[in-house]
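Protein chains: 2
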Amino acid sequence: MVTIRDVAKDSGFSSTTVSIVLNNAPLARYIPAVTKKRIEKSAKKLGYRPNLFARSLRSKRTHTVGAMVFDLTDPYCIPIFRGIESALYQASYLPILTDVHNDRARFERYLEMLLDRRVEALIVLANWLFVNIDVLGDLEKSSIPTVMIGQELENDSISSVTVDNELGGRLAIEHLHLLGHRKIAFIRGPKTLGDSAPRWKGIRSFAKANNLELDPHLIMDLPESRDPASSFESGFKLTDELVGRKHSFTALVAFDDMTAFGAIRALSQAGLRVPEDCSVIGFDDIAASALYTPALTTVSQPLEEMGKLAVGIVADGINCVLEKKTVPALHRKLAPELVVRSSTIKLR
Amino acid sequence: MVTIRDVAKDSGFSSTTVSIVLNNAPLARYIPAVTKKRIEKSAKKLGYRPNLFARSLRSKRTHTVGAMVFDLTDPYCIPIFRGIESALYQASYLPILTDVHNDRARFERYLEMLLDRRVEALIVLANWLFVNIDVLGDLEKSSIPTVMIGQELENDSISSVTVDNELGGRLAIEHLHLLGHRKIAFIRGPKTLGDSAPRWKGIRSFAKANNLELDPHLIMDLPESRDPASSFESGFKLTDELVGRKHSFTALVAFDDMTAFGAIRALSQAGLRVPEDCSVIGFDDIAASALYTPALTTVSQPLEEMGKLAVGIVADGINCVLEKKTVPALHRKLAPELVVRSSTIKLR
DNA sequence: CCCGCTTACAAAATCGTTTTTGTAGCCGCA
DNA sequence: TGCGGCTACAAAAACGATTTTGTAAGCGGG
Chain A
7 MVTIRDVAKD
17 SGFSSTTVSI
27 VLNNAPLARY
37 IPAVTKKRIE
47 KSAKKLGYRP
57 NLFARSLRSK
67 RTHTVGAMVF
77 DLTDPYCIPI
87 FRGIESALYQ
97 ASYLPILTDV
107 HNDRARFERY
117 LEMLLDRRVE
127 ALIVLANWLF
137 VNIDVLGDLE
147 KSSIPTVMIG
157 QELENDSISS
167 VTVDNELGGR
177 LAIEHLHLLG
187 HRKIAFIRGP
197 KTLGDSAPRW
207 KGIRSFAKAN
217 NLELDPHLIM
227 DLPESRDPAS
237 SFESGFKLTD
247 ELVGRKHSFT
257 ALVAFDDMTA
267 FGAIRALSQA
277 GLRVPEDCSV
287 IGFDDIAASA
297 LYTPALTTVS
307 QPLEEMGKLA
317 VGIVADGINC
327 VLEKKTVPAL
337 HRKLAPELVV
347 RSSTIKLR
Chain B
7 MVTIRDVAKD
17 SGFSSTTVSI
27 VLNNAPLARY
37 IPAVTKKRIE
47 KSAKKLGYRP
57 NLFARSLRSK
67 RTHTVGAMVF
77 DLTDPYCIPI
87 FRGIESALYQ
97 ASYLPILTDV
107 HNDRARFERY
117 LEMLLDRRVE
127 ALIVLANWLF
137 VNIDVLGDLE
147 KSSIPTVMIG
157 QELENDSISS
167 VTVDNELGGR
177 LAIEHLHLLG
187 HRKIAFIRGP
197 KTLGDSAPRW
207 KGIRSFAKAN
217 NLELDPHLIM
227 DLPESRDPAS
237 SFESGFKLTD
247 ELVGRKHSFT
257 ALVAFDDMTA
267 FGAIRALSQA
277 GLRVPEDCSV
287 IGFDDIAASA
297 LYTPALTTVS
307 QPLEEMGKLA
317 VGIVADGINC
327 VLEKKTVPAL
337 HRKLAPELVV
347 RSSTIKLR
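Structure representation (C-alpha cells):
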C-alpha cells in the first residue's frame, strides 16, 4: 500500500503539504499552483489512496450513513432504499444497509455495529410493527441525525417522512364511489400498525360526507403479524370469509397491495372475476402491482421520493452537527396518488 | 468517548494489559484471573467500546464484507441477499450492500468505495448482463477473496455459485411433458445472458430423448436489456405475438418468472385462461410467484442457500488470507427444484 | 550462587492520516 | 531600520487502538 509519505517522498514535499493539497484544505490557499501540480502528479502516478481508517480516526468523518430496514423482504422497502441509495451516491456517501428481520435483538446488534462504525446519520425504515419507545430511547442516546420513514414517533424529537394515509384512504374510496360502487368491503390494517387508523379515517370521513353507508359485516381487520408476506395469507382468508357471508359486495378496499393479492386469489377461487364481478383496490403500489394480472389499481406511495427526502433531511442534519448547531426535527408528510389500472371497473 | 486509556486508568493497569485482556490475545495466558476480572469490570462500567478505526488501522481487520448487486430491484436478489446477510450476521461480519444499477461507472465507483473501506471479501451478485472481462480484471487486481453468484467467469480464478440451468430446463419441460403437453411454446433468455443457453440445452436434450418435437414457430427470444422489469414487457409482447400466429400451443415455458407474468397477462388479454387454456411455467421462484393468481408453477432456485454458500466460500477465503495461504477458487453448482403450483395443469 | 524460565505487567513503537504550531523568507510601510 | 503580515512549507502532536520489546520478580536446578 502506498502511503502519504510515499507521495511526499516522491514529490519532494512533506506529508503535511501533500495532505493539505490533496484535501484542498484551507491552507491550500497559500500553496502555489506548481507545487500542487507536482503533488497531484505524484499521487496519481503512485496510485495513492488515502487510508480511510487513518483518516477517520483523525478527522472524525466517515462519509457513511446507516440505513436500517425492518424487513427487507417487504417489497415496499426496495424503492425506498433505491431512493436513499441514489441520493447518497450523489452526495458521495456510502449507505450501510441492515436488515433487522423484525427482530429486536437484531435491531440492537445492528445499531451497535453501525454506531461502532461511526455512521454520520441514520435512516430507519420502520415498515412493520414493534417500533416503540425503547427504540426511540436508544436512538436519542446516539445523538446522530436520524430520520424515520413510514412512522412518526409520538415524541417528535426524531425526524420523519410519512405518507398522508388519510388522504390515501380517501382516494381509494372516492375512486370506487365514482365508479358507482356502493356495497364495498374493507380489509383494514392491524390495529397496532400506525398506518391503519388514518387510512380508515380517510375512508370513513369520505363515506360520511357522501352518504355512503359502510356495512359493518363487510369490514375485516388484518391480524397482527411480523411477517409482511402474512398479509397475503390474511387477505386471502378474510376475503374468503367475506365471500361466504350473505352480505354481497361489488368492490373491496384492501389495506395494502399484498392483502389485495390475497383477496384476488380468494375471489378467483370463489369463481368471482376481478374486476368484472368485484373491483379490488390496494395501497402502496409495490413493483408487483403493475405486473399482476389484472394489473392492480392502488394508492401509490411516492416511495423513492420518500427515500430521497429522508436523505435530504439527514444531510442537513449532518451539516448542523458539523457547524455545532442543534439539529431540528422535521416531519414531512407526502401525498399519495391514485393509480388506476385494471382491477377496478365501473359498476354495471 | 471513553478510550482504552480511561479503562487503563480506572482499572489501574496499563493500556497494553487492557488491550491484551479484552481481546483475549495470546499473552492473556500470563494474566491472572483477578486482573482480568478487574479490567473487564472497568470496561463494562465505563461502557468502553473500542474505536474500530484505530483498531483496523493497526490490526488490518475490518470484519466487513462487500456485497455488490447488479440490480436490487430484481426480486431475484432479495432472497440471495437474505442468505448472505444471515450467514454473515452469525459470523459477526457486517455486509455492505451496494446496488450497481447495472451501470459500469457505478460498479467501479462502488468497488472503489468498498476497497477503500477494506472489505475483507467480496460477493458479487451478477444477476444481469454486462459482466465481462474488464470487471474480472478489476476484481483480480483487488486480490481479496471474491465469489460471483449467478455467473461463472470463463477464467475460473474467481469462485462462483450457480444453479444448474440445464437441469432446470429439463425439469420444466419434463413437467409439461408429463402433464401431456406436446405443443409447447418457449420464450428463451437473451442470447448474451449466460443462463440462456444451458436452460435451452436442458430443454432440447429432453425433447430429443423423448421424441418431442419443438416447433420453431413457437420459439421466441427475449431481447437484450439491462432492466429486469423489461422481461415482463417482453414476455407480454412475445406471447402476444405467439398467440397471433397460427401455430397453437397448450403450454408455455418462460425464461423466468417475470417473463411468465408477462405471458400470463398476454394470454389473459387474448381471452385464454391460465392454466385451463394454456399452462405456463417460469423459472427462479421469486417471492411474487407464490402470490400470483394463478400461483406460478416454476423451477425454483435455492436462492437463500446460494447466498449462504457464497458466504461460506469467502469465509474460507478470508481464513486462507489470514494464514497466508493462497485462496483456491471453488465452483459450486446447485440443483434447482420444480415447484408445482396452479399455472400448469394436465392436458385434457 | 548464578542461570534461565515463567509470570505479570509496562514502555514504546506503530498504523496512516489530519491538524496545530512553528519558522523563515520576503514585502510593504512607517 | 524595524515590524507586522503574507507566503510556503515542515515538524510535531494528535487520533486510539495493537503489537513488539523490555523488565523485574520469583523460582527451580546445576
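Top line first, the protein sequences correspond to chains A and B.
Per our numbering, residue 7 is the first one in the first sequence, and the count goes up by one each step.
Per our numbering, residue 7 is the first one in the second sequence, and the count goes up by one each step.
Glycine is no exception: its CB is placed at the ideal position from the N, C-alpha and C atoms.
Bridge-paired residues (DSSP) for residue i
{"i": "F289 of chain B", "result": "B:V305"}
{"i": "V130 of chain A", "result": "A:M74, A:M154"}
{"i": "F192 of chain B", "result": "B:I225, B:V259"}
Coil, strand or helix - residue i by DSSP
{"i": "G250 of chain B", "result": "helix"}
{"i": "I77 of chain B", "result": "Residue 77 of chain B is actually Asp in this sequence, not Ile. Note: D77 of chain B maps to coil in three-state DSSP."}
{"i": "S166 of chain B", "result": "strand"}
{"i": "G200 of chain A", "result": "coil"}
{"i": "K51 of chain B", "result": "helix"}
{"i": "G72 of chain B", "result": "strand"}
{"i": "I179 of chain A", "result": "helix"}
{"i": "F238 of chain A", "result": "helix"}
{"i": "R3 of chain A", "result": "The question about residue 3 of chain A has no answer, for chain A in this structure spans 7 to 354."}
{"i": "M7 of chain A", "result": "coil"}
{"i": "F113 of chain B", "result": "helix"}
{"i": "V27 of chain A", "result": "helix"}
{"i": "E118 of chain A", "result": "helix"}
{"i": "D233 of chain A", "result": "coil"}
{"i": "D263 of chain A", "result": "helix"}
{"i": "D221 of chain A", "result": "coil"}
{"i": "E282 of chain B", "result": "coil"}
{"i": "E343 of chain B", "result": "strand"}
Proximity of residue i and residue j at Cβ, strictly below 8 Å
{"i": "A257 of chain A", "j": "L344 of chain A", "result": "no"}
{"i": "V153 of chain A", "j": "V320 of chain A", "result": "yes"}
{"i": "V75 of chain A", "j": "V125 of chain A", "result": "no"}
{"i": "G268 of chain A", "j": "G288 of chain A", "result": "no"}
{"i": "L248 of chain A", "j": "L278 of chain A", "result": "no"}
{"i": "G174 of chain A", "j": "V305 of chain A", "result": "yes"}
{"i": "G313 of chain A", "j": "I90 of chain A", "result": "yes"}
{"i": "V169 of chain B", "j": "L340 of chain B", "result": "yes"}
{"i": "R210 of chain B", "j": "S202 of chain B", "result": "no"}
{"i": "A335 of chain A", "j": "S163 of chain A", "result": "yes"}
{"i": "P32 of chain B", "j": "V71 of chain B", "result": "no"}
{"i": "T350 of chain B", "j": "L244 of chain B", "result": "no"}
{"i": "E239 of chain A", "j": "P204 of chain A", "result": "no"}
{"i": "H69 of chain A", "j": "Y116 of chain A", "result": "no"}
{"i": "F192 of chain B", "j": "V259 of chain B", "result": "yes"}
{"i": "D77 of chain A", "j": "N30 of chain A", "result": "no"}
{"i": "L58 of chain B", "j": "D122 of chain A", "result": "yes"}
{"i": "A272 of chain A", "j": "D291 of chain A", "result": "no"}
{"i": "P85 of chain B", "j": "E310 of chain B", "result": "yes"}
7 Å Cβ cut-off: residues of chain A touching residue i
{"i": "M226 of chain B", "result": "Correct list: empty, because the minimum Cβ distance to chain A is about 19 Å."}
{"i": "L248 of chain B", "result": "Within chain A, no residue comes near L248 of chain B; the closest Cβ sits about 17 Å away, beyond 7 Å."}
{"i": "I351 of chain B", "result": "Going along chain A, no residue has its Cβ under 7 Å from I351 of chain B, so there is no contact; the nearest lies around 15 Å."}
{"i": "L52 of chain B", "result": "Simply none; closest approach about 15 Å."}
{"i": "E91 of chain B", "result": "D105"}
Supposed contact pair residue j and residue i - C-beta distance, whole angstroms, cut 8 Å
{"i": "T198 of chain B", "j": "E158 of chain B", "result": "The Cβ separation is near 15 Å, so there is no contact."}
{"i": "L120 of chain A", "j": "C83 of chain A", "result": "Going by Cβ atoms, the distance from L120 of chain A to C83 of chain A rounds to 17 Å, so no, they are not a contact pair."}
{"i": "V8 of chain B", "j": "V24 of chain B", "result": "At roughly 12 Å, the Cβ-Cβ gap does not stay under 8 Å, so V8 of chain B and V24 of chain B are not in contact."}
{"i": "A34 of chain B", "j": "I26 of chain B", "result": "5 Å"}
{"i": "L177 of chain B", "j": "V317 of chain B", "result": "Contact doesn't hold; Cβ gap of about 27 Å is too wide."}
{"i": "I324 of chain B", "j": "A127 of chain B", "result": "6 Å"}
Proximal residues of chain B, C-beta to C-beta of residue i below 7 Å
{"i": "D122 of chain A", "result": "R55, L58"}
{"i": "S62 of chain A", "result": "F59"}
{"i": "L103 of chain A", "result": "L103"}
{"i": "F238 of chain A", "result": "L297"}
Partners in chain A for residue i, counting only beta-carbon separations shorter than 8 Å
{"i": "M119 of chain B", "result": "L100"}
Neighbouring residues, chain B, relative to residue i (Cβ below 9 Å)
{"i": "S274 of chain A", "result": "T299, P300"}
{"i": "D233 of chain A", "result": "Those within 9 Å of D233 of chain A in chain B number zero; the least Cβ separation is about 12 Å."}
Interface residues of chain A facing residue i [CB-CB closer than 9 Å]
{"i": "T79 of chain B", "result": "I84, P85, R88, A293"}
{"i": "R271 of chain B", "result": "L297, Y298, T299, P300, A301"}
{"i": "F267 of chain B", "result": "A294, L297, Y298, T299"}
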